[in-house]
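Asks:
Protein chains: 2
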Amino acid sequence: MTEYEQLCEKQLTSEDKFNGNILHVKFDTVELPNGNTATREVIRHIGAVCVVPVDENGNVVMERQFRYPLDKVISEIPAGKLDRPDEDRLAAAKRELREETGYTADEWTDIGLYHPAAAYCDETITIYLAKGLHKGERSLDDDEFLNVELVPLKKLADEVVAGNITDGKTQVAILKAARILGV
Amino acid sequence: MTEYEQLCEKQLTSEDKFNGNILHVKFDTVELPNGNTATREVIRHIGAVCVVPVDENGNVVMERQFRYPLDKVISEIPAGKLDRPDEDRLAAAKRELREETGYTADEWTDIGLYHPAAAYCDETITIYLAKGLHKGERSLDDDEFLNVELVPLKKLADEVVAGNITDGKTQVAILKAARILGV
């Protein structure tokens, strides 16, 4: 028996509970490995991308953004949702970086996936490292508000370790980039 | 004007869309900094804890667990939800470690918060580093299925960087622990 067969849960029923613009909430019943039945609350999400843009001086282009669920302004790397499920993720990352910060980049490296909350959400975020930056004009939507700042990667990694940056994808992306670049 | 005042969104209305056992889904309207109105889809979650348990040989107690939203068995550090919103987080971390893996620990260090998806979810996870491990018997619920394995911290950090571990809290906790312990 494979590990998957030993541990997997089989969907029995699935009910739509909420269909929003970004969140699709399902209430499912599943059969457990022991034959019992359990319920699962699941968020279906279109997927997203994020970028660690590092300039030639080792600074990262960061954003300060209000996050309504936390009622706080927090530090994050540039990121955004896909426009459609099959959108090319690299193209989406280039768009989000340019629109939110004005920057474009010559060198893009996929540094892995991030699952924010595997227990209840299927969102998959692809993380990119972007180098060879060029500054241009950003093009925010009328209803989008965020401030851009440059912060040294080393300082950011220290801030993550000190607990001062709490956004999950940002923590992962900064610590990965620091480890990859030997900072 | 403070940064909060410049960027914050004020709640105008809030509607319950789904009240599950773990997820509470709200559909809110907010006033943006420019006076426009926008909608926000928000998951309210009770909060959780997770633990990087490192033994005297530098091995981490890891779990292999099926995650229904991803339809996959993935590697994670021990973690669990709070029993109630005001539960002591350290006590919850000790309980989850013992129940899921059988281990107890002498030394506990809070190494910071993790917000899995700040754009749409208020879940806050506290990350602990646990050392001085003692192995005992685990006490899983009848309907809980997971395998425990010991993996060197250095190997885990390399796996995170290589993109082979995708669970968000696990990526953060492993890379933080590796940086703190100089691995």
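Chains A and B are the protein sequences, given in the same order. Per the working numbering, the first sequence runs over residues -4 to 178. Per the working numbering, the second sequence runs over residues -4 to 178. Idealized CB from N, CA, C, for every residue including glycine. This one's a predicted model, so the numbers in the text were calculated from it and none came from an experiment.
Measuring straight from C-alpha to C-alpha, what distance separates residue 92 of chain B and residue 141 of chain B?
Replies: For the purposes of this step, residue 92 of chain B is taken as residue 97 along the second sequence, with counting starting at 1. For the purposes of this step, residue 141 of chain B is taken as residue 146 along the second sequence, with counting starting at 1. Using only the alpha carbons, I get a separation of about 13 Å.
Asks: By the 10 Å Cβ neighbour count, where 16 or more other Cβ atoms means buried, how is residue 175 of chain A classified, buried or exposed?
Replies: Here the question's residue 175 of chain A lines up with position 180 in the first sequence. By the 10 Å Cβ count, residue 175 of chain A comes out exposed.
Asks: So, are the CB atoms of residue 46 of chain A and residue 64 of chain B less than 8 Å apart?
Replies: By one-based count along the first sequence, residue 46 of chain A stands at place 51. By one-based count along the second sequence, residue 64 of chain B stands at place 69. No.
Asks: Taking buried to mean at least 16 other C-beta atoms within 10 Å of its own C-beta, is residue 162 of chain A buried or exposed?
Replies: Taking the first sequence and counting its residues from 1, one reaches residue 162 of chain A at position 167. Classification of residue 162 of chain A: buried, given that the 10 Å Cβ count is 16 or more.
Asks: In whole angstroms, give me the CA-to-CA distance for residue 177 of chain A and residue 43 of chain A.
Replies: Locating residue 177 of chain A in the first sequence gives position 182, where the first residue counts as 1. Locating residue 43 of chain A in the first sequence gives position 48, where the first residue counts as 1. Spanning the two alpha carbons is a distance of roughly 27 Å.
Asks: Is residue 22 of chain B closer than 8 Å to residue 34 of chain B when the C-beta atoms are compared?
Replies: Along the second sequence, one-based indexing puts residue 34 of chain B at 39. Along the second sequence, one-based indexing puts residue 22 of chain B at 27. Their beta carbons are under 8 Å apart, which means residue 34 of chain B touches residue 22 of chain B by this criterion.
Asks: Can you say whether residue -3 of chain A is buried or exposed, counting buried as having 16 or more other CB atoms within 10 angstroms of its CB?
Replies: The count along the first sequence starts at 1 and reaches residue -3 of chain A at position 2. Exposed, by the Cβ-count rule.
Asks: Which residues mark the beginning and the end of the beta strand (DSSP E) in which residue 106 of chain A is found?
Replies: Counting from 1 along the first sequence, the entry for residue 106 of chain A is found at position 111. Unbroken beta strand (DSSP E) run through residue 106 of chain A: 98 to 109.
Asks: Among residues of its own chain, excluding the 5 on either side of residue 126 of chain B, which ones have a beta-carbon nearer than 6 Å to its beta-carbon?
Replies: Translated into the one-based positions of the second sequence, residue 126 of chain B becomes position 131. 49 and 102, listed in sequence order.
Asks: Go to residue 33 of chain B, then tell me how far its beta strand (DSSP E) extends in each direction, as first and last residue.
Replies: Residue numbering aside, residue 33 of chain B sits at position 38 when the second sequence is read from its first letter. Looking at the DSSP string, the run of the beta strand (DSSP E) that includes residue 33 of chain B is 32 to 39.
Asks: Assuming residue 109 of chain B and residue 166 of chain A make a contact with CB atoms under 8 Å, what is their CB distance in whole Å?
Replies: Taking the second sequence and counting its residues from 1, the one referred to as residue 109 of chain B is at position 114. Taking the first sequence and counting its residues from 1, the one referred to as residue 166 of chain A is at position 171. 7 Å between Cβ atoms; contact.
Asks: Check whether the segment 130 to 146 of chain A and the segment 144 to 153 of chain B touch, using three or more Cβ-Cβ pairs below 8 Å as the test.
Replies: Because the criterion of three Cβ pairs below 8 Å is not met, the segment 130 to 146 of chain A and the segment 144 to 153 of chain B do not touch.
Asks: If contacts are defined as beta-carbon pairs under 8 Å, then residue 68 of chain A and residue -1 of chain B qualify, I think. What distance do you get, rounded to the angstrom?
Replies: By one-based count along the first sequence, residue 68 of chain A stands at place 73. By one-based count along the second sequence, residue -1 of chain B stands at place 4. Yes, residue 68 of chain A and residue -1 of chain B are in contact; Cβ-Cβ is about 6 Å, under 8 Å.
Asks: What residues from chain A crowd round residue 155 of chain B, counting only those whose CB sits closer than 9 Å?
Replies: Numbered from 1 along the second sequence, position 160 holds the residue referred to as residue 155 of chain B. Going along chain A in sequence order, the residues near residue 155 of chain B (Cβ under 9 Å) are 107, 167, 170, 171 and 174.
Asks: Is the Cβ of residue 136 of chain B closer than 8 Å to any Cβ of chain A?
Replies: Counting from one through the second sequence, the residue named residue 136 of chain B turns up at place 141. So, not an interface residue.
Asks: In three-state DSSP terms, what is residue 69 of chain A?
Replies: Here residue 69 of chain A refers to the residue found at position 74 of the first sequence. Reduced to three states, the DSSP call for residue 69 of chain A is strand.
Asks: Check the Cβ-Cβ distances between residue 101 of chain B and every residue of chain A, and say whether any is below 8 Å.
Replies: Residue 101 of chain B sits at position 106 when you count from the first residue of the second sequence. So, not an interface residue.
Asks: Which same chain residues end up closer than 7 Å to residue 155 of chain B when comparing Cβ atoms and leaving out the 5 residues on each side of it in sequence?
Replies: As a working mapping, residue 155 of chain B is identified with position 160 in the second sequence. Taken in chain order, the residues that qualify are 166, 169 and 170.
Asks: Between A/173, A/121, A/118 and A/94, which lies nearest to residue 133 of chain A when the distance is taken from Cα to Cα?
Replies: As a position in the first sequence, residue 133 of chain A is number 138, starting the count at 1. Cα-wise, what sits closest to residue 133 of chain A is A/94.
Asks: Going along the segment 37 to 64 of chain A in order, which residues come within less than 9 Å of chain B, judged by CB to CB distance?
Replies: Listed in sequence order: 37, 38, 39, 40, 43, 59, 60, 61, 62, 63 and 64.
Asks: In terms of alpha-carbon separation, which member of A/153, A/76 and A/53 lies closest to residue 17 of chain A?
Replies: Here residue 17 of chain A is taken as the residue at index 22 of the first sequence, counted from 1. When each option's Cα is compared against that of residue 17 of chain A, the closest is A/76.
Asks: Could one say the Cβ of residue 15 of chain B lies closer than 8 Å to chain A's Cβ atoms, at least one of them?
Replies: The residue labelled residue 15 of chain B in the question sits at position 20 within the second sequence. True, the Cβ-Cβ gap to chain A drops below 8 Å.
Asks: Would residue 135 of chain A and residue 55 of chain A qualify as a contact pair, given that the criterion is a beta-carbon distance under 8 Å?
Replies: Position 140 of the first sequence, counting from 1, holds the residue named residue 135 of chain A. Position 60 of the first sequence, counting from 1, holds the residue named residue 55 of chain A. No, these two residues do not count as a Cβ contact at 8 Å.
Asks: If we count the other Cβ atoms within 10 Å of its Cβ and call it buried at 16 or more, is residue 9 of chain B buried or exposed?
Replies: In the second sequence, the residue the question calls residue 9 of chain B occupies position 14. By the neighbour-count rule (16 or more Cβ atoms within 10 Å), residue 9 of chain B is not buried but exposed.
Asks: By Cβ distance, which residues of its chain are closer than 8 Å to residue 25 of chain A, with the 5 residues on each side in sequence left out?
Replies: The residue labelled residue 25 of chain A in the question sits at position 30 within the first sequence. Correct list, in chain order: 4, 5, 6, 7, 32, 33, 34 and 35.
Asks: Do residue 73 of chain B and residue 96 of chain B have their beta-carbon atoms positioned less than 8 Å apart in this structure?
Replies: To locate residue 96 of chain B, count along the second sequence from 1; it is residue 101. To locate residue 73 of chain B, count along the second sequence from 1; it is residue 78. Their beta carbons are under 8 Å apart, which means residue 96 of chain B touches residue 73 of chain B by this criterion.
Asks: Verify the CB distance criterion: does residue 69 of chain B have a CB-CB separation below 8 Å to chain A?
Replies: In the second sequence, the residue the question calls residue 69 of chain B occupies position 74. So yes, residue 69 of chain B belongs to the interface.
Asks: Just to check my reading of the structure: residue 60 of chain A and residue 51 of chain A have Cβ atoms closer than 8 Å, yes? What is that Cβ distance to the nearest angstrom?
Replies: For the purposes of this step, residue 60 of chain A is taken as the residue at position 65 of the first sequence. For the purposes of this step, residue 51 of chain A is taken as the residue at position 56 of the first sequence. In fact, because the Cβ distance is near 25 Å, the residues do not count as touching under 8 Å.
Asks: I believe residue 158 of chain A touches residue 107 of chain B by the beta-carbon criterion, under 8 Å. Please report the beta-carbon distance rounded to the nearest angstrom.
Replies: On the first sequence, residue 158 of chain A is found 163 positions in, with the first residue counted as 1. On the second sequence, residue 107 of chain B is found 112 positions in, with the first residue counted as 1. Contact flag correct, Cβ pair sits at about 3 Å.
Asks: Name the residue from B/41, B/118 and B/90 whose alpha carbon lies nearest to the alpha carbon of residue 81 of chain B.
Replies: Counting from one through the second sequence, the residue named residue 81 of chain B turns up at place 86. Per the Cα distances, B/41.
Asks: Are residue 27 of chain B and residue 138 of chain A closer than 8 Å when you measure CB to CB?
Replies: The residue labelled residue 27 of chain B in the question sits at position 32 within the second sequence. The residue labelled residue 138 of chain A in the question sits at position 143 within the first sequence. Contact: yes.
Asks: Quick one: does residue 30 of chain A have its CB under 8 Å from some CB of chain B?
Replies: Position 35 of the first sequence holds residue 30 of chain A. No, its Cβ sits nowhere closer than 8 Å to a Cβ of chain B.
Asks: Nearest-angstrom Cα distance between residue 89 of chain A and residue 153 of chain B?
Replies: Within the first sequence, residue 89 of chain A is the residue found at index 94, counting from 1. Within the second sequence, residue 153 of chain B is the residue found at index 158, counting from 1. Going by the C-alpha atoms only, they are around 27 Å apart.
Asks: Any beta carbon of chain A sitting closer than 8 Å to that of residue -1 of chain B?
Replies: As a working note, residue -1 of chain B is residue 4 in the second sequence. Cβ-Cβ to chain A under 8 Å: yes for residue -1 of chain B.
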